[in-house]
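Student: Protein chains in written order, with the working numbering: chain X, 1 to 470; chain C, 1 to 291. For each residue, glycine too, the CB sits at the ideal point set by N, CA and C.
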Amino acid sequence: MSNEANERRIVEAVLGRPLDRRDFLRLTGYAGATAGLGAFLAACQPSGGTPAPTATTGPAATAGATATAVPTGRAIKIGYVSPTTGPLAGFGEADEYILAGANAAFAGGVDIGGTLHPIQILAKDSQSDPNRAAEVAGDLILQDGIDLMLVASTPETTNPVSDQAEANQVPCISTVAPWQPYFFGRQKDPANPVPFEWTYHFFWGLEDIIAVFLDMWSQVDTNKQVGGLFPNDGDGNAWGDPVLGFPPPLAAAGYTIHDPGRYENLSSDFSAQIGAFKTASAEIVTGVPIPPDFTTFWNQAKQQGFTPKIASIGKALLFPASVEALGTNGEGDALSSEVWWSPSHPFSSSLTGQTAKDLADGYTAATSKQWTQPIGFGHALFELASDVLKRTTDIENKATIRDALKVTVLDTIVGRVDWTGGVPFPNISKTPLVGGQWGRGTTFPYDLVIVSNKDHPEIPKAGQLRPIGG
Amino acid sequence: MEWVNAVIQGTLLGGLYALLATGLSLAFGVMRLVNLAHGDLNILAAYLALVVVTATGANPLVGLVAVVPVMMVIGFLLQRVLLNFALGGGVLPPVLVTFGIAVVVQNVLLDVFSADSQGLDAGPLENASVTLTDQISVGFFPLLTLLVAVGVLLGLQFVVSRTQLGRALRATSDDTEAARIVGIDHRRLYSIAMAISLGTVAVAGVFLGIRTTFGPSDGPQRLIFAFESVIIGGLGSLWGTLVGGVALGVAQAVGNQVNPAYQALAGHLLFLAVLAFRPSGLFARRTARQV
């Protein structure tokens, strides 16, 4: 929002110093206050650009408002569960920013069937623990009486929360977990899957990441020998599965995968894997290790003289911080990873009108940190919440919320979310996945450049995959 | 040849485990204190090194000059104002207090440094190695880790066996009451022991941070290997800790060579075997009551 930029400039002028993260959160954290301030400042500034969202007063200040003639209903409660502490905390790191944006967008309330309802977001931390996630979800449903559940980041969070929502008949939207562990992981009998009634998911699947990696590898001349680094966790077992995982499609494309076996997370020694990859003279490494394990592996590989041409790694290379942590002498250069969302995705928010770039830049402005992929998906959850609530016919009846959710077709900041198609399953909507490579950056040490967009040409490609050290 | 390599890499890895376990062993030897916050303090040291490196641009190994004294002061104060009050009332209170410290350290780190994984960069040293055969290379950094572990243990051995402080430590460890009768202030001594313990933790934290990346919640998992090294080597025995660390490292590397799934398992099995057949550890008989 350009208004926010204005406000920011004015507040900075008042303070006599640039806004820091703390200030930003203090300001945006209390949406009502910000909106009030926005209105006040807008009044002081006749040429203040677009008058819209911030000029509408927040629910707290509705009494003093003159604008709205719509009747005001009860507060709608949205529950939001994500991991903000514990090993998965990287995924929840942008939550404060996402929630501040959502609160600001909801500050004027949401019009549901002609009644203006204020929105209250109740955010809970899963502490990276599935049991805790289920517990806070239960509290949100039974004690707080939420109307709609949102949940993000890894099957360890989405699955227990979705199960709670399903059991208690509360509509639930989830994201940031490949759809297979979400959908099959929650089935009693995965061989005969039954669609869910109340819980809906949007993200990509294993078949997409395989397609993306294969496309990236085809851009560099290699001997097609691939080393696999699959840990003994949900992701590693899914990726390495000899029937449903990487091996069959790779073999079909002419690649040979060398998989020494599942290892435990936080391993301290990868000499056996490195030895096996060297023996196979692998020129490509792939897998889904956690960040510390990839660092240990990569350092040891260099010590042992193993130098692959391509390293396409899921999970460990997702966040710029993990790539930087590999070292400051370009150790992270030319490593590649999957990209679910980036500032160059040609999508914009249905809630705030921001483009992907606006949203990412806003995060950097607010926190001085580089954008990360969960930002777009976190924001999209609230876009969907707003869209679903607006189309709900009777807010007091959860089944009507669910019915509205079921027929959602919305162009969000992560692409189109559409639950009417039923492909691959009725509860799943797939979002586009492309491939990216880390290269030396301008503002930050590394930038993620999109190098593969085979299935999604609408997302612009900025280069070809470079071999490591080449 | 892979097996030779596995043993070599495992031995080198054992250096890191021994460094990690030394402080734990010392605290147990002197105070009979099971420090559950050991792993988290180790991560805290890595973060302190990160702060020093970011502020000065120095090599993290040079940063040890600052990190070790700071951690020693933290250890001294922790013992003085907190742990000393928990000792003497049975086994449970100090365990609970250190558990509390672990939780506090994790959350403070998360709050201050966020959940981003961080690493310490020691420059070209990190990836340099000497190639012995086509299959075997010895990394300089893992070798340095092992040598430093031996160095730290030699230093501690010297302090414990040759100095006035060491005599007091041994006396207190053997019989606290008797030591008090002859005028040793055991509480002050405990604080000093904790300071030394955290000094070694600081070294371990920096080496860990260079070897891999770390996050605020990594501490407990690091603690497990430190514990196993101490148990395998013998509770409270310094050289036993080195042997324990190396034995654990070799077991893991050899297990990994058999199948990557057996890496952690092989270490745990060795640990269980020691507990079953030699519960006081490999080196406990001669040195059980020593520091």
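#1: Do you know whose CA, among C/G139, C/S217, C/A49, C/A37, lies nearest X/W298's CA?
#2: Tell me whether the beta-carbon of C/A27 lies closer than 8 angstroms to the beta-carbon of C/A193.
#3: What are the start and end residues of the alpha helix (DSSP H) that includes X/T431?
#4: Do C/R278 and the ligand ZN come close, with the Cβ less than 7 angstroms from some heavy atom?
#5: Mind checking which residues open and close the alpha helix (DSSP H) that includes C/H186?
#6: Would you mind reading off the limits of the alpha helix (DSSP H) that contains C/S173?
#7: Where X/G240 and X/G332 are concerned, what is the direct C-alpha to C-alpha distance, given to the nearest angstrom?
#8: So that I know if they touch, is there some Cβ in chain X lying closer than 8 angstroms to that of C/L110?
#9: Who are the Cβ neighbours of X/Q169 in its own chain at under 7 angstroms, not counting the five residues just before and after it?
#10: Against C/G215, what residues of chain X qualify as contacts under a CB-to-CB distance less than 9 angstroms, listed in chain order?
#11: From what residue to what residue does the alpha helix (DSSP H) around C/L48 run?
#12: Hey, out of X/W217, X/Q354, X/V323, whose CA is closest to X/L250's CA?
#13: Please state if the CB of C/I181 and the CB of C/E126 are separated by a distance shorter than 8 angstroms.
#14: Check for me: the beta strand (DSSP E) holding X/L148 runs from which residue to which?
#15: Is there a Cβ from chain C that is less than 8 angstroms from the Cβ of X/P260?
#16: Only counting runs of 4 or more residues, tell me where the alpha helix (DSSP H) segments fall wholly within the region 87-135 of chain X, in order along the chain.
#17: X/D269 touches chain C at which residues, Cβ-Cβ below 8 angstroms?
#18: Which bits of chain X does C/P260 rub up against, with CB to CB less than 7 angstroms?
#19: Starting from X/T295, find everything on chain C with Cβ-Cβ shorter than 9 angstroms and list it in chain order.
#20: If you run the structure through DSSP and keep just helix, strand and coil, what is C/Q252?
#21: Shorter than 8 angstroms from the beta carbon of C/L272 to some beta carbon of chain X?
#22: Ignoring anything shorter than 4 residues, give me the alpha helix (DSSP H) runs that lie fully in the region 195-250 of chain X, in order along the chain.
#23: Whole angstroms is fine: what's the gap from X/D85's alpha carbon to X/Q370's?
#24: Quick one: what's X/A311 bridged to in DSSP?
#25: Does X/Q477 pass the burial test, meaning 16 or more other C-beta atoms within 10 Å, or should it be called exposed?
#26: If you draw a straight line from the C-alpha of X/G108 to the C-alpha of X/V161, how long is it?
#27: If you compare alpha carbons, which of X/L148, X/Y97, X/L140, X/D95 is closest to X/I119?
#28: What did DSSP end up calling X/R440 once you bin it into helix, strand or coil?
#29: With a cut-off of 8 angstroms, does the C-beta of X/E479 fall near any C-beta of chain C?
#30: Please list the residues of the region 348-379 of chain X that have a C-beta atom closer than 7 angstroms to any C-beta atom in chain C, keeping them in chain order.
#31: Return helix, strand or coil for X/G79, following the three-state DSSP convention.
#32: Could you work out which residue in C/I43, C/V91, C/V53 is closest to C/M71 when comparing CA atoms only?
#33: Considering only residues of the region 362-421 of chain X, which uninterrupted beta strand (DSSP E) runs meet the minimum length of 3 residues and lie entirely inside it, listed in chain order?
#34: Which of the three DSSP states, helix, strand or coil, is assigned to X/A85?
#35: Give me the residue from X/E283, X/V110, X/T175, X/F377 with the minimum Cα distance to X/T158.
#36: Got a sec? Which residues, its chain only, sit under 6 angstroms from C/M31 by beta carbon, not counting five neighbours each side?
Tutor: In this structure, then:
#1: C/G139
#2: yes
#3: Per DSSP, X/T431 belongs to no alpha helix (DSSP H) and is neither H nor E.
#4: You won't find the ligand ZN in this model; it holds no ligand whatsoever.
#5: Where C/H186 is concerned, the enclosing alpha helix (DSSP H) stretches over 186-211.
#6: 164-174
#7: Rounded to the nearest whole angstrom, the C-alpha separation of X/G240 and X/G332 is 24 angstroms.
#8: With a threshold of 8 angstroms between beta carbons, C/L110 makes contact with chain X.
#9: W198, K398
#10: P87, A89, G90, P291, P292
#11: 38-56
#12: Answer by Cα proximity: X/W217.
#13: For C/E126 and C/I181, no; Cβs fall outside 8 angstroms.
#14: Where X/L148 is concerned, the enclosing beta strand (DSSP E) stretches over 148-152.
#15: yes
#16: 89-92, 95-105
#17: Q9, G10, L13, G249, Q252, A253, N256, Q263
#18: P260, G261, R262, Y263, A272, Q273
#19: S117, G119, R211, T212, T213
#20: helix
#21: no
#22: Counting whole runs of 4 or more residues, the region 195-250 of chain X contains the alpha helix (DSSP H) stretches 206-217, 234-240.
#23: The question names Asp, yet the displayed sequence has Thr at residue 85 of chain X. About 19 angstroms.
#24: X/V285
#25: Missing from the structure shown is residue 477 of chain X; chain X here goes from 1 to 470 and no further.
#26: 29 angstroms
#27: X/L148
#28: strand
#29: Coverage of chain X is limited to positions 1 through 470, which leaves residue 479 of chain X absent and any answer about it impossible.
#30: none
#31: Note: X/G79 maps to strand in three-state DSSP.
#32: C/I43
#33: 409-412, 415-418
#34: With the sequence shown as reference, residue 85 of chain X is identified as Thr, and Ala is not the correct amino acid for it. In the structure shown, X/T85 sits in coil (DSSP, three-state: anything other than H, G, I, E or B).
#35: X/T175
#36: Y190
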